[in-house]
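Residue numbers for the sequence shown, in the working numbering: 11 to 556. Glycine residues also receive a C-beta, built at the ideal position from the N, C-alpha and C atoms. Computed from a predicted model, the values in this text were never measured in an experiment. Below you'll find the structure, written out as structure tokens, and then a few comments.
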Amino acid sequence: MPVFQIDGEPVEYEPGEKVLSAALRCGKIIPHYCYHPGMSIVATCRMCLVDVIDLGNGRPAPKLQTACSVDATEGMKIETFNQKVEEGRKLVNEFLLINHPLDCPICDQSGECTLQDYSFKYGSGKSEMDYSKRVNGWRDIGTFVALERNRCIQCSRCDRFTREITGTNEFGMFNRGHELAVDTYTDRPMTNKFQGNMADICPVGAITEKEFRFKRRVWKLKKNHSICTGCSTGCNVTIEHDRNEVFRLKPHENQNVNKWWLCDEGRLTYRKMNEKKSRINQPLGLIGENLEGISWEKAYGAIAERIRELKPLPQEVLALTDTHASNEELFLIQKLLKEGFSSENIFCPFPTWEQSESDFFINTLITTDKTPNRAGALALHIKGDLKNTKLKKVIEGDLKVVFVLGNPFETELEFKEIIKRTQLVIHIGVFHNSWSEIADVVLPGQFYSEKEGTYTNKNQRVQSTEIAVKALRRTRPEWQIISELSQALGHKSSFESIPQVFNAMALEAKAFSGLSFDEIGGLGIGLTKKTKDSGKNVVPEFVTLK
Ligand code: SF4
Ligand code: SF4
Ligand code: FES
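Here's what the structure looks like:
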């Protein structure tokens, strides 16, 4: 790769790459507002001024240049911190603050505002302007975001977002000069499904998320990398939380999955992470007519004893799972059936799903499969078909033991009616549902924000989640529950951690062969062997997803 210099240090660049882009890629800091790597370059904010002391031909540029719009060239030398640059930045910063209210203490962006940060770092701390500030006021611009126009520094990121990223052209810049203001067209609120991204890319507190406004100061939030489980795309997110309460999901850049974006529906899935009322918060056993709290040891012991009494044949054992379960959980429950009962009766729902086809990448994110791990279930050969024909046959036979993981087949009431009569039903899950109502033993699991795991997205990319918040005291992660249950039943495999389960899965399951947990990292890794998904339908752009 060709090389140029920033502050005396060599920086590699791709031919045609701009100075700012190459600098950011190499971890160099050049302050900027209007530049965004996913959108066109407008060079309007002027904050990224740098001094080109050598254009690559031995001659300097005649004046300060905007790093976001200048091509890097071989032999070019840039200075980002000399007196000329500092004075230029000070003036730009002062200019941007002419109309910006100094209301940081009551602004929700405070703490993550680049105008605030750059003013502290590069600003002059005073203003020469004694005119009164422009007043534009607050606007309700959409279901997900609000606009405080007085704070706008006219970087045009929001305008470019609806033109270039969603293609909806709902938002723009009106009037000129001192009167210039951002707003929706014809005063109508925006309807695009990706409005939260506008709050993310707005460098100041002009566009903010309604869902998060005034709930927590951002410097209190702790952050963990994870994925959104709102659909099978598995967009990369940062879970932001404080005192064990989750406040928001923010996009985590992954060019192979969601680039910089998230949909609004996905952002709202954080609410489920705080759901406590419907949680199963301790192991339960059927005592008489009622489910009552019991210890883990008693629960495992009772299951093992009952299974010893029942001596089920392979065809008399069934496991049902949903595709919210992680790869490891699916692998372990499949292993439990195989090793413990020589049974392959493990089923999950595989309804058809739709994927939008669009010239605008962001529209291809949302799918109608609202589960995160259908591809993982397919890769592990969990059984299932569109009409549940095979499962019906198994259910209509004689069943003695049924394991239910999560909330599969939730609308199939007749399945539940039949399974209810089975001699032993074990439900492993996070929330109370109609399966826990008919179970003999209920084992409380943990929500994905409380445990580690990996999920395979619609493009067959394996991605991992971190523990963000503490789980309820008497719950356990499902992989651990299944592993402990196996041991209680006298099976030989036992697992101590998610990496250990994943690596065992890579040895036994072809689709995962050759992968190791450490390779997944923050960006995920593709499955070794791709599986065909016959339930996928691609629908053309502008057809409304069901
Ligand atoms: S509202 Fe925010 S993103 Fe839009 S132009 Fe103003 S400062 Fe930039
Ligand atoms: S597209 Fe799917 S995975 Fe991505 S944020 Fe939306 S719901 Fe979540
Ligand atoms: S980032 Fe370069 S001019 Fe705005």
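- A53 is positioned such that its CB atom lies closer than 7 Å to that of S79.
- Look at N246 here: in three-state DSSP terms it is strand.
- Among the bridge pairs identified by DSSP, E285 is matched with none.
- Per DSSP, reduced to three states, the secondary structure at I304 is coil, with no helix or strand assignment.
- Q15 is bridged by DSSP to P20, K87.
- Look at F371 here: in three-state DSSP terms it is helix.
- Summarising the contact set, residues whose Cβ lies nearer than 7 Å to any heavy atom of ligand 3 are, in chain order, L30, H42, Y43, C44, Y45, A53, T54, C55, R56, M57, C58, T76, A77, C78, S79, C165.
- Bridge partners of S474 according to DSSP: T464.
- Pairing M208 with R167, the inter-Cα distance amounts to about 8 Å.
- At least one heavy atom of ligand 1 falls within 6 Å of the beta-carbon of I217.
- Here the C-alpha atom of D210 lies approximately 18 Å from the C-alpha atom of G177.
- Excluding five sequence positions before and after L34, none of the CB atoms of its chain fall closer than 7 Å to its own CB.
- The C-alpha of R161 is placed about 10 Å away from the C-alpha of P213.
- Taking 6 Å as the cut-off, one finds no heavy atom of ligand 1 near enough to the beta carbon of V102.
- Cβ-Cβ separation between V435 and V414: approximately 7 Å, consistent with a contact (criterion under 8 Å).
- If you ignore the 5 residues before and after S120, its C-beta comes within less than 8 Å of the C-beta of C114, Q126, G215, R227, V228, all in its own chain and listed in chain order.
- Straight across, the Cα-Cα distance linking E319 with V411 is about 11 Å.
- Distance check between S129 and each of S544, I438, F184, E96 places E96 closest, using alpha-carbon atoms only.
- In the three-state reduction of the DSSP assignment, S31 falls in the helix class, which pools H, G and I.
- Three or more Cβ pairs drawn from the segment 330-349 and the segment 385-397 lie within less than 8 Å of each other, which places the two stretches in contact.
- In this structure, the alpha-carbon of L157 lies about 7 Å from that of T218.
- Sorting R253, G244, N337 by C-alpha distance to the C-alpha of K233 places R253 at the top.
- When the alpha-carbon of L375 is set against those of E307, D17, Q265, E339, the nearest one is in Q265.
- Annotation for I405 indicates a beta carbon at 6 Å or more from all heavy atoms of ligand 1.
- Pairwise C-beta distances place the segment 100-108 in contact with the segment 135-148, as three or more of them are shorter than 8 Å.
- Bridge pairing for P454: G439 [DSSP].
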